[in-house]
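Notes to accompany the following structure.
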Amino acid sequence: MSIGPTIALQCIEISAEYLAEICLANGNCSIRFVCFLFDDSAINSKQ
């Protein structure tokens, strides 16, 4: 086990409906996954 907050890269697949919105909004029609840094210390501090 690691000590301290863990920061991981989370990737989720974008749904077809949301994909269409992104495509119409900014012309980025090739994106399939959205990735973001997930820091569990932020979740822990809210409890």
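Just so we're aligned: the sequence shown equals residues 115 to 161 in our numbering. Don't be surprised by glycine CBs; every beta carbon is placed ideally from N, CA and C. Note that the structure is a prediction, hence the values are computed from the model and not measured.
Spatial neighbours of Glu127 within its chain, please: CB distance less than 7 Å, with the 5 preceding and 5 following residues excluded, ordered by chain position.
-> Stepping through the sequence shown from its first residue, residue 127 is reached at position 13. Only residues of its own chain outside the window of five on either side were considered, and among them Arg146, Phe147 have a CB closer than 7 Å to the CB of Glu127, listed in chain order.
Beta strand (DSSP E) segment containing Asp137, residue limits = Residue numbering aside, residue 137 sits at position 23 when the sequence shown is read from its first letter. The sequence shown places Cys at residue 137, rather than the Asp named in the question. Cys137 -> not in any beta strand (DSSP E); alpha helix (DSSP H) instead, spanning 130-140.
What are the residues that DSSP puts in a beta bridge with Cys149?
-> Against the sequence shown, residue 149 aligns to sequence position 35. In the DSSP output, where bridge partners are listed per residue, Cys149 has Cys125.
Near Phe75, what residues of its chain come up, given a Cβ to Cβ distance below 6 Å and the 5 sequence neighbours on each side ignored?
-> Residue numbering for the chain in the displayed model covers 115 to 161; residue 75 lies beyond these limits and cannot be assessed.
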